[in-house]
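I have placed the structure first, in the form of C-alpha cells, so that the comments after it can refer back to it.
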Amino acid sequence: EHEALSAYAVLTALSIHSLLAGVALGAEPELSRALVITFAIIAHKSAAGFALGVSLARSSFRVTQAWLLVGLFATATPLGGLIGAMVGETIEGPLARVFEAIFLSIAAGTFVYVATFDILRDEFPAPGGRSTKWLVLTGGVASMGVLALWT
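Just so we're aligned: 123 in our numbering is position 114 of the sequence shown, and the numbers increase by one with no gaps anywhere.
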C-alpha cells in the first residue's frame with residue numbers, strides 16, 4: 010500500500026535526521042551552543058512529529074503499530090545524543106568541530122530532503138487548501154530563517 014510505504018519512508022528519513030541532530034548535540038562541548046542546538050531540535054521535532062503523525066494516520070497501520078513507530082522516532086534523538094557524547098569524549102580540538110559541523114550539516118540536509126521530497130510532494134497535489142498550505146509553508150520557512158539569524 011502506497012500510504013504505508015510513504016509512512017515508512019517518512020519515519021526512516023525523520024529518524025535518521027533526528028539521530029544525526031542528536032549526535033551533533035551530544036558532541037557539542039559548549040553549553041551555550043548545546044542550548045541553541047537543543048532549541049533548534051525542539052522547534053523541528055514538533056513539525057517532524059506532526060508530519061509523521063499525519064503520514065501514519067493516512068496509512069493502514071493499527072494504533073499499536075503506529076505507537077511503536079512513533080516510539081522509534083522518539084528514541085532517535087536521545088540515542089544520537091549518547092553516540093555524540095561518546096564520540097565527542099574521544100575526539101578533541103579542531104577535529105571535534107569538524108565532526109560537529111559534518112553531523113549538523115547532514116542533519117539539516119536530511120530535514121530539507123524529507124520536507125521537499127516526502128512531505129511537500131504528497132501534500133500539494135491533494136485538492137483543497139492550497140492557499141493555506143502555501144501560507145503555512147512560507148511561515149515555516151520564514152520562522153526557520155529567523156531562527157537561523159538568531160543563532
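Positions of the beta carbon are idealized from the N, C-alpha and C atoms, including for glycine.
Suppose you measure from the CA of residue i to the CA of residue j; what does that come to, to the nearest Å?
| i | j | result |
| --- | --- | --- |
| Val-150 | Ile-51 | 16 Å |
| Gly-97 | Gly-138 | 46 Å |
| Ala-56 | Arg-71 | 22 Å |
| Ala-75 | Leu-65 | 6 Å |
Identify whether residue i lies in helix, strand or coil by the three-state DSSP scheme.
| i | result |
| --- | --- |
| Ser-69 | coil |
| Glu-39 | coil |
| Ile-100 | coil |
| Gly-89 | helix |
Measure the CB-CB distance between residue i and residue j and report whether it falls below 7 Å.
| i | j | result |
| --- | --- | --- |
| Leu-189 | Leu-78 | The requested residue 189 is not part of the displayed model; the chain covers only 10 to 160. |
| Leu-23 | Leu-61 | yes |
| Ala-36 | Glu-109 | yes |
Residue i and residue j look like a contact to me (Cβ under 8 Å); what is the Cβ gap, rounded to whole Å?
| i | j | result |
| --- | --- | --- |
| Ser-69 | Ala-18 | Incorrect: roughly 15 Å between the Cβ atoms, too far for contact. |
| His-26 | Ala-94 | Not a contact, Cβ separation roughly 19 Å. |
How would you label residue i, buried or exposed, when you count the other beta carbons within 10 angstroms and need 16 or more for buried?
| i | result |
| --- | --- |
| Ala-157 | exposed |
| Gly-118 | exposed |
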